[in-house]
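Chemist: With my numbering applied, the sequence shown corresponds to residues 62 to 252, in that order.
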Amino acid sequence: MTCGVTAAVALLSACGGADGGDGDAADGGGGGGAVVADADPSAGASADPSASSSSSSYADPVSEKAATAEKVKSAVETRLTAHEARFGSGVTSPCSTGSAKMFTQDCDAAAKATNDDAAFSLAQIGGHEGFATLRSAAQKIQKAAARYQELGCPKNPADAADRQSCLDSAAVLAQGFPDLRTGLNLGLAGK
62 MTCGVTAAVA LLSACGGADG GDGDAADGGG GGGAVVADAD PSAGASADPS ASSSSSSYAD
122 PVSEKAATAE KVKSAVETRL TAHEARFGSG VTSPCSTGSA KMFTQDCDAA AKATNDDAAF
182 SLAQIGGHEG FATLRSAAQK IQKAAARYQE LGCPKNPADA ADRQSCLDSA AVLAQGFPDL
242 RTGLNLGLAG K
């Protein structure tokens, strides 16, 4: 605290703010170089060390949330990138409703990876405020993955109603990686 006061006094003296002068010693105003402040920053070292550390012990809640969001994004993004590179997403996913692989083990493997990433995302954000979009996307993916398995979609079911339900679930799974990524990005904004 002494260093801050010292710096303020030095600045006011140099600018002539301490006595109303303009800082020009030639005309007698401001006292020019008559700064009695201690310019050595270590001079304040004998001050109470708890004074400076106590203010830093109260972290800004906004920066804590931002740090949490960055940590979550980093952890989940690593998994998403690896799985998306392996399985694709959207129309390049084996779970795409236009893909011949939608009723195969290829989509099943992609569904499991997408579901794992959704579960990992939920585990990362558990107990933290915010992340509404990520939470919603992850839960939707988990429901779609469970439904895909329940219907036996990887085994190409013959029932038309089951096949239609497989299409609905597969569409969610094909879009799963981008939806999780969007949730991560919005999590940085507290959404």
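Don't be surprised by glycine CBs; every beta carbon is placed ideally from N, CA and C. Computed from a predicted structure; not experimentally measured.
Let me know the secondary structure DSSP gives GLN236 once reduced to three states.
Modeler: By 1-based counting over the sequence shown, the position of residue 236 is 175. GLN236: coil per DSSP, three-state reduction.
Chemist: Using only alpha-carbon positions, find the residue among TYR209, GLY188 and GLN200 that is nearest to ALA130.
Modeler: Start at 1 with the first residue of the sequence shown, and residue 130 comes out as number 69. The residue with the shortest Cα to Cα distance from ALA130 is GLY188.
Chemist: Enumerate, from N- to C-terminal direction, the unbroken alpha helix (DSSP H) stretches of 4 or more residues contained entirely within the segment 122-187.
Modeler: Here the runs fully enclosed are 122-148 and 166-186.
Chemist: Taking LYS204 as the reference, give the member of THR175, ARG224 and VAL133 with the closest Cα.
Modeler: On the sequence shown, position 143 is the one that residue 204 refers to. If we check each option's Cα against that of LYS204, THR175 comes out closest.
Chemist: If the criterion is Cβ atoms closer than 9 Å, does the pair LYS252 and THR194 meet it?
Modeler: In the sequence shown, residue 252 corresponds to position 191, counting from 1. In the sequence shown, residue 194 corresponds to position 133, counting from 1. Result yes, Cβ atoms of LYS252 and THR194 sit closer than 9 Å.
Chemist: Comparing C-alpha positions only, which one of GLN236, GLY191, ASP220 and SER135 sits nearest to SER157?
Modeler: Translated into the one-based positions of the sequence shown, residue 157 becomes position 96. Considering only alpha carbons, the answer is GLN236.
Chemist: In the structure shown, what three-state DSSP assignment does LEU228 receive?
Modeler: For the purposes of this step, residue 228 is identified with residue 167 of the sequence shown, where counting begins at 1. Here LEU228 sits in helix by DSSP.
Chemist: Taking the straight line between their C-alpha atoms, what separation do you get for PRO155 and SER124?
Modeler: Counting from one through the sequence shown, the residue named residue 155 turns up at place 94. Counting from one through the sequence shown, the residue named residue 124 turns up at place 63. Computed Cα separation, rounded: 40 Å.
Chemist: Can you grab the Cα-Cα spacing for the pair ALA222 / SER230, in whole Å?
Modeler: Within the sequence shown, the letter at position 161 stands for residue 222. Within the sequence shown, the letter at position 169 stands for residue 230. C-alpha separation (whole angstroms): 12 Å.
Chemist: Between the alpha carbons of VAL137 and ILE186, how many angstroms are there, rounded?
Modeler: Stepping through the sequence shown from its first residue, residue 137 is reached at position 76. Stepping through the sequence shown from its first residue, residue 186 is reached at position 125. Taking the straight line joining both Cα atoms gives about 10 Å.
Chemist: Taking the C-alpha atoms as reference points, what is the distance between ALA206 and GLY159?
Modeler: In the sequence shown, residue 206 corresponds to position 145, counting from 1. In the sequence shown, residue 159 corresponds to position 98, counting from 1. Roughly 18 Å separates the two Cα atoms.
Chemist: Could you tell me if LEU152 is buried or exposed, where buried requires 16 or more neighbouring beta carbons within 10 angstroms of its beta carbon?
Modeler: As a first step, residue 152 is located in the sequence shown; it is residue number 91 there, counting from the start. Sequence check: residue 152 is Val here, not Leu. Flag for VAL152 reads exposed.
Chemist: Beta-carbon within less than 6 Å of PHE238's beta-carbon, same chain only, minus the 5 sequence neighbours each way: which residues are those?
Modeler: Sequence index remark: in the sequence shown, residue 238 carries index 177 (1-based). Counting only Cβ-Cβ distances below 6 Å, and skipping sequence neighbours, we find LEU141, GLU145 and SER150.
Chemist: Round the Cβ separation of LEU241 and ALA143 to the nearest angstrom and send it over; I've been treating them as touching at under 8 Å.
Modeler: Locating residue 241 in the sequence shown gives position 180, counting from the first residue. Locating residue 143 in the sequence shown gives position 82, counting from the first residue. 13 Å between Cβ atoms; not a contact.
Chemist: For the alpha helix (DSSP H) that LYS204 lies in, which residues bound it at each end?
Modeler: The sequence position of residue 204 within the sequence shown is 143, counting from 1. Per DSSP, LYS204 belongs to the alpha helix (DSSP H) from 193-211.
Chemist: Taking GLN210 as the reference, give the member of GLY244, LYS134 and GLN166 with the closest Cα.
Modeler: Within the sequence shown, residue 210 is the residue found at index 149, counting from 1. Here the closest residue by C-alpha is GLN166.
Chemist: Are the beta-carbon atoms belonging to ASP169 and CYS214 less than 9 Å from one another?
Modeler: Here residue 169 is taken as the residue at index 108 of the sequence shown, counted from 1. Here residue 214 is taken as the residue at index 153 of the sequence shown, counted from 1. It is a contact, given that the beta carbons lie within the stated cut-off.
Chemist: Please report how far the alpha carbon of ALA184 lies from the alpha carbon of GLN225, in whole angstroms.
Modeler: Residue mapping note: residue 184 aligns to position 123 of the sequence shown, counting from 1. Residue mapping note: residue 225 aligns to position 164 of the sequence shown, counting from 1. Each residue's alpha carbon lies about 31 Å from the other.
Chemist: Quick one: residues in its chain with C-beta nearer than 7 Å to the C-beta of LEU228, no 5 flanking neighbours on either side, listed in chain order?
Modeler: The residue you call residue 228 lines up with position 167 of the sequence shown. Once the five neighbours on either side are set aside, the close Cβ partners of LEU228 are THR158.
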